[in-house]
Each structure stands twice: as C-alpha cells, then as structure tokens.
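Okay, structure first, notes after.
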Amino acid sequence: MCADVLASLQTPPGKGGIAVVLLKGPGAGLMLDRLFTPRYSRSHDLPGLLQLGALADNGAAIDEVVVRRFDGSVEVNLHGGPAVVKLALEAFARAGARVVPTNPADVFEPSHPRWNNPAIGGEMLHHLGCCRSPLALEALTTQWSAGLSELCASALKADCRISPDRLRSAAAGLDVMTKILNPPEVVIAGPANAGKSTLVNALVGRPVSIVNEQAGTTRDWVRVLTLFMGLPVWLTDTAGLMPEHAGLHDVDVEAMQRARQRAAQADLVLLVQDRPGQRSVDGVEGGLLLHVASKCDVAQPWPGADVAVCAEQEMGLDDLRKAVLTRLGLWAFDPSTPRAFTGRQHLLLMEAAGAIEKRAPREAAAALQAILTL
C-alpha cells in the first residue's frame, strides 16, 4: 500500500484532448513502477525525463501515457476522455493512493503580482474549466490581473472614496459573466424546409446537421457549441414544426414535441421562416423570440422579420450574430470591464456600495478587502 500518495486530476473535468494526473508523495515513484511499463529501458530514468509507455491495472490496459518524475512527484499525461481518466484514478486508488480534489494553489500562486488578491485568484482558477473561447478566458483572467481586482484595490487605496455606482455596476456584471462562463442556449425552430439546418451549418462553419430538400430530414435535435464574435453559444437545430393532423406519423409528432421542449428551455429562440406565417412557438415568451427571414436571395424579407439571411451565400450572418448577442445582452462585450463572476463577489460589492452611501468607510473597506483576500 502507498497511503502516503495523493492522486489528483490537474486538468478540468470533462472531455478534452489530454488529461494530467499528479501523484504526490514519497511513494509516488514506487506506485508508478507498479502500474507503468515504459516503452524503453528504465535505466534512463532521470528527474524531468519524459517517458512514453503503457499504464495498466493488473494486466488490463488503460492507456498509452507520457510520465515525468520530479521532486518526489509523478505527472501522468493520458488521453482526456472521461472514461480513461476514471479508469486511471481508480487504478491509482486500488494501488493505495488517496484520490483528492485538485488544489489549484499547489500548482499556481493565486495572488497576482500587482495585487494581494488570492481570493479572486482562487475563484478564477475554479472557473477556468468553464472558459470555452479565448475571449471568455480573457474576460475571466482580466478580473484577476486588472478589472475587479484593480477596482477593489484602487478603492481601498483611496479610503473608499469611490462612487457606489461603480461598485454596483461591477456587481451587475455577474449576469454577463454567468453567460460567458455558462454559454447561452440558442434554439433554431420553424417550419420544415425553411433552411434551419443550412443556417446552423453556416453559423457553425462546418456541416453538423443533415440538409435535404425532403421535409422532415431533421428528426431529433442537434446541439453544438459555436462562437458568435468570439463568445461561446450553444446552438441547437430542431425538427420542423408542422400543423398537427391525423395524417402525421407518430415519429413526426414526437420530433415536434422535442423541438418545442428544447425551445421552451432556451435562452433565445430563432424562429426561421422563408415566408410570413408562424408568429410564435408554444411555451416561448415573445421577448425570447427572434424572427429570422431565410432564403433572402430569392425572396424579399417578410414584414416583421428582425433579421434577413441567406445561409447558402452566407448573407446576413453577422447581422444575425449581432442580433442574437444584443438580445442576450452580450453585444459590444468588453472583457476589461470590472465584473463580479461569483455570487460572493456580487454580494460583497453591493455591501460595499451600501456602506459608502451610509458613510461607513470601514464597513466598505472590510467588504472590498474580503473580495480580494477572504
């Protein structure tokens, strides 16, 4: 048994290309020797040397991995699929390791060199795995390197002589940051053969939905992550909505029910039509609906359409992206703006703003300091 060995996943959970498991403790090297067979001789085992080989548990292959030994620890780099990671951690546990949650502070100093802000640093590290685009990553890390950290530090330096509205504005930014870190759900709905799947493929930039002239090609919904002006959005293609009548096949009825369910759960629904007709979708409030006129290369946009597009010729796509982000409150997003990205930060900013209005600078300072350092 190697009870003195801790095993922790260093990369964000979920699907990924590579996962990194850290074995830490005096027995880490011995544990690795039991489970890892290098492709080449171990006679070249030197600190920091990368070794390619096989990870196995009692003869059962787990994965081909790359390992590195350093300072009494072992870094195991394996494929990032959740099933592979689960098998590896279970193997280390059976070998006697204690599997523990990752402590980001073990591998990263949470305080930025310019500020004493370990609390924001720790919260940033916790949310890094939620960033699904470079812009989302910039928005989060900027709150640590500038943004929220700079706002709080400068307010403390000025003895809390700051407009409470600036603090409330930063607190209100939690809504935007929540959408950045948890991408909004945008569902495309509308009648059959209106060009919904073609539009999805054009917005994503690759074929993700089957396109065919025959009505009803899309039976089940297709969900894919894409970027609108650098911001991540979940985009869902759904089955065409048709008037229900006795002649409809049960499969078509079920497909439309699923489409309506997805639409009812969406943050925004794009109602795509190539001619005027349907004005609403069951279960969707009007404010969550964006009317899109499709196939505008062969027909004039119908009255009442919010945006006109031609997916095949990629006409109007940027206008549609702008309309979607505007409706979601994300248009003209500036990642450098100070924003709370946790509920804790939001509450403390509101507390500090209230204290400043009550002319209680000590209370305000305590709240602002808590944002930075807990």
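17 is the number of the first residue of the sequence shown in the numbering used here; add one for each residue after it. We put the beta carbon where it would ideally sit given N, CA and C, even for glycine.
Along the chain, where does the alpha helix (DSSP H) containing Ala135 start, and where does it finish?
Unbroken alpha helix (DSSP H) run through Ala135: 134 to 143.
Assuming the contact rule is C-beta atoms closer than 8 Å, Pro354 and Gly189 should be a hit. Round their C-beta distance to whole Å, please.
About 7 Å separates the two Cβ atoms, so the contact holds.
Excluding five sequence neighbours on each side, which residues of the same chain lie with their C-beta closer than 6 Å to the C-beta of Gly145?
Correct list, in chain order: Pro28.
For His307, which residues does DSSP report across the bridge?
In DSSP, His307 forms a bridge with Leu287.
Can you have a look at Phe108 and say buried or exposed, based on whether 16 or more other CB atoms are within 10 angstroms of its CB?
When all chains shown are included, Phe108 counts as buried.
Taking all protein chains shown into account, do 16 or more other C-beta atoms lie within 10 angstroms of the C-beta of Thr342, making it buried, or fewer, making it exposed?
Under this definition Thr342 is an exposed residue.
Can you check which of these residues, Asp79, Ala135, Arg239, Val285, is closest to Glu406 by C-alpha distance?
Residue 406 is absent from the structure shown; the chain starts at 17 and stops at 390.
I'd like to know whether the C-beta atoms of Thr214 and Ala327 end up nearer to each other than 8 Å.
A contact, by the Cβ cut-off of 8 Å.
Which of the three DSSP states, helix, strand or coil, is assigned to His95?
Looking at His95 - three-state DSSP - the assignment turns out to be strand.
Using three-state DSSP, classify Glu328 as helix, strand or coil.
Reduced to three states, the DSSP call for Glu328 is coil.
Would DSSP call Val216 helix, strand or coil?
Three-state result, Val216: helix.
Quick check on the DSSP output: what are the complete beta strand (DSSP E) runs of length 3 or more inside the stretch 336 to 372, in order along the chain?
Listed in chain order, nothing qualifies, since the stretch 336 to 372 has no complete beta strand (DSSP E) run of 3 or more residues.
Pull the bridge partners of Pro248 from the DSSP assignment, please.
For Pro248, which the question treats as bridged, DSSP gives the partners Leu243.
Once the 5 residues before and after Leu219 are set aside, which same chain residues still bring their CB inside 7 Å of it?
Once the five neighbours on either side are set aside, the close Cβ partners of Leu219 are Thr242, Leu251, Leu333.
Alpha carbon to alpha carbon, how far is Leu153 from Asn74? Give it in angstroms, no decimals.
Cα to Cα, Asn74 sits roughly 41 Å from Leu153.
Can you list, in chain order, the residues of its chain with a C-beta nearer than 6 Å to that of Leu305? Leave out the 5 residues immediately preceding and following it.
Result list for Leu305: Val285, Leu287, in chain order.
Report the CB separation of Val100 from Asn93 in whole angstroms; it is logged as a contact under 8 Å.
Contact flag wrong, Cβ pair sits at about 11 Å.
Our contact map puts Arg278 next to Val216 with C-beta atoms below 8 Å; I'd like the distance itself, whole angstroms only.
In fact, because the Cβ distance is near 13 Å, the residues do not count as touching under 8 Å.
For Asp253, which beta-bridge partners are listed by DSSP?
Beta-bridge pairing links Asp253 to Ile204, Val238.
Taking all protein chains shown into account, do 16 or more other C-beta atoms lie within 10 angstroms of the C-beta of Ile178, making it buried, or fewer, making it exposed?
Classification of Ile178: buried, given that the 10 Å Cβ count is 16 or more.
Please state whether the Cβ-Cβ distance between Leu48 and Leu39 is less than 8 Å.
A contact, by the Cβ cut-off of 8 Å.
Would you call Asp236 buried or exposed, if buried means 16 or more other Cβ atoms sit within 10 Å of its Cβ?
Answer is exposed; the Cβ neighbour count stays below 16.
For Trp347, which residues from the same chain have a beta carbon less than 7 Å from its beta carbon, with the 5 sequence-adjacent residues on both sides left out?
These residues qualify, in order along the chain: Lys338, Leu341.
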